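**Student:** Below you'll find the structure I mean.
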Amino acid sequence: MRKWHRWLSVFFGIFLFWIAATGLLSHWAALWPVAESAATAAASEPPPAFECPEGWRCRPPPPEGSVRGLVGLFHHLHSGDSFGPVGIAISILSGIALLFFAFSGLWLYVRMWLNRKHRRQSPRWFWD
6 MRKWHRWLSV FFGIFLFWIA ATGLLSHWAA LWPVAESAAT AAASEPPPAF ECPEGWRCRP
66 PPPEGSVRGL VGLFHHLHSG DSFGPVGIAI SILSGIALLF FAFSGLWLYV RMWLNRKHRR
126 QSPRWFWD
């Protein structure tokens, strides 16, 4: 299990870093504060030919040139849509790899902990 954990992490580490970075940028852009005057101006003008469905809370589009306008771009980069079917496949495989790393890392830790216990060493939670 350790060999698989090590070799897959070399390959998928790059993609997991990409997914984490674009996910953080997407949330950062969504939480970016909008200037008070731009928010009230956008709220007073509904977009043309758009009606908010009943029971939904619709937001006005972000003002042009604001950071919030980048949320869609970051989402497409995050999900792999920008790179076509290959990007989506890599994104799905990276999610599966993340589950594998979580499971195999926990498995390796428990095995090392039990191994120390069977060798009559102190089975501490963390060791050098």
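Under my numbering, the first residue of the sequence shown is numbered 6, with each subsequent residue one higher. C-beta atoms are modelled at their ideal positions from N, C-alpha and C, and glycine is treated no differently. If you're wondering where the values come from, they're calculated on a predicted model, not measured in any experiment.
Determine the closest residue to residue 73 out of 112, 33 and 56, with distance taken between C-alpha atoms.
**Tutor:** The shortest C-alpha separation from residue 73 is found at 33.
**Student:** Would you grab the beta carbon distance between residue 9 and residue 99 for me? Rounded to a whole angstrom, and I think it's under 8 angstroms.
**Tutor:** About 16 angstroms separates the two Cβ atoms, so there is no contact after all.
**Student:** Just confirm the distance between the C-beta atoms of residue 87 and residue 96, as a whole number of angstroms; I'd bet it's less than 8 angstroms.
**Tutor:** Contact doesn't hold; Cβ gap of about 10 angstroms is too wide.
**Student:** I need the straight-line Cα distance from residue 12 to residue 122, nearest angstrom please.
**Tutor:** Between residue 12 and residue 122, the C-alpha separation is close to 28 angstroms.
**Student:** For a quick check, are the C-beta atoms of residue 6 and residue 113 less than 8 angstroms apart?
**Tutor:** Taking 8 angstroms as the Cβ cut-off, residue 6 and residue 113 qualify as a contacting pair.
**Student:** Could you check whether residue 31 and residue 79 sit closer than 8 angstroms to each other, using their CB atoms as the reference points?
**Tutor:** Cβ distance < 8 angstroms, so residue 79 and residue 31 count as in contact.
**Student:** Return the first residue and the last residue of the alpha helix (DSSP H) that residue 62 is part of.
**Tutor:** Neither: residue 62 is in no alpha helix (DSSP H) and is coded neither H nor E.
**Student:** Using a Cβ-Cβ cut-off of 6 angstroms (strictly less than) and excluding sequence neighbours within five positions of residue 63, which residues of its own chain qualify?
**Tutor:** Here the set comprises 57.
**Student:** Would residue 104 be called buried (16 or more neighbouring beta carbons within 10 Å of its own) or exposed?
**Tutor:** Counting Cβ neighbours within 10 Å, residue 104 comes out exposed, since fewer than 16 surround it.
**Student:** Can you look up residue 71 in the DSSP assignment and give me helix, strand or coil?
**Tutor:** In this structure, residue 71 counts as coil in the three-state DSSP scheme.
**Student:** In this structure, does DSSP put residue 7 in helix, strand or coil?
**Tutor:** Three-state DSSP puts residue 7 in a helix.
**Student:** Closest to residue 38 by C-alpha separation, out of 71, 82, 101 and 22, would be which residue?
**Tutor:** Minimum Cα distance to residue 38 is reached at 71.
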